[in-house]
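Have a look at the structure below, then the notes.
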Amino acid sequence: MAVTTDKAEKKFTGKHMLLWLFGFFGVMFIANGFFVYYARTSWPGVVEESPYQASQNYNKTLAEAAAQNERDWHMQLALKRSQQKAFLVIDAKDKDGQPLTDLTINATVGRQVTEEFDHVLTLSPSGDGIYQGEIGMLDPGRWRVEFEALQQGQKLFQTHEVIALK
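Under my numbering, think of the first position of the sequence shown as 2, with each following residue one higher.
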């Protein structure tokens with residue numbers, strides 16, 4: 002007596018291989034397409050508004066940096082949290098350690114990779130070379146702080162730093 006099975010043996014054919022290839026590469030193209038779209042829409046790609054103009058001002062920028070180094074001002078900055086608000090605090094001292102009290106300090110606080118969360122503020126003097134400004138809500142993490150100090154309308158100090166907020 003012969004034993005028979007109702008199941009027919011399935012063979013792996015060229016059609017199956019073609020479907021697997023199209024499926025695999027289809028998923029890869031869709032995933033890559035998503036990543037390309039997200040990368041193109043999440044960052045403006047602008048580092049300098051006018052690169053040509055920046056290159057023309059290069060020598061002026063070097064002279065300003067040399068003058069800033071010669072002044073030897075010390076600016077201690079900190080991001081501090083009080084309840085639900087964050088504050089930027091800058092302690093400004095000259096090369097002799099004396100407080101700088103006649104400055105106007107403008108600052109931008111934002112994330113390192115996007116300008117979407119930037120907070121622009123002018124810091125108020127609190128006395129004894131301390132300047133502070135209220136930023137508002139800031140999530141914990143690394144924040145980019147750019148500020149410039151002006152004295153009688155002339156920019157005398159600028160810096161770009163990264164600070165971690167707990």
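Even glycine gets a Cβ: it sits at the ideal position worked out from N, Cα and C.
Query	Result
Using a Cβ-Cβ cut-off of 8 Å (strictly less than) and excluding sequence neighbours within five positions of V114, which residues of its own chain qualify?	W44
Between A40 and E116, what straight-line distance do the alpha-carbon atoms span, to the nearest angstrom?	15 Å
Give the DSSP-derived three-state secondary structure of W144 in the structure shown.	strand
For H120, collect the residues of the same chain with a Cβ closer than 6 Å to its Cβ; drop the 5 residues on either side in sequence, then sort them by chain order.	V110 and I136
Under 8 Å, with one C-beta from each stretch per pair, do the segment 138-151 and the segment 56-66 reach the 3-pair mark?	no
Is any heavy atom of the ligand COA found at a distance shorter than 8 Å from the C-beta of I136?	What this structure holds is no ligand at all, so the ligand COA is not there to describe.
Since G137 is in the beta strand (DSSP E), which residue starts that stretch and which ends it?	I131 to G137
Take A93 as the anchor and find which of R145, A87, D140 and T105 has the nearest alpha-carbon.	T105
Since Q133 contacts L89 with CB under 8 Å, what's their CB separation in whole angstroms?	7 Å
Going by DSSP, name the residue or residues bridged to R41.	R41 pairs with nothing; no bridge assigned.
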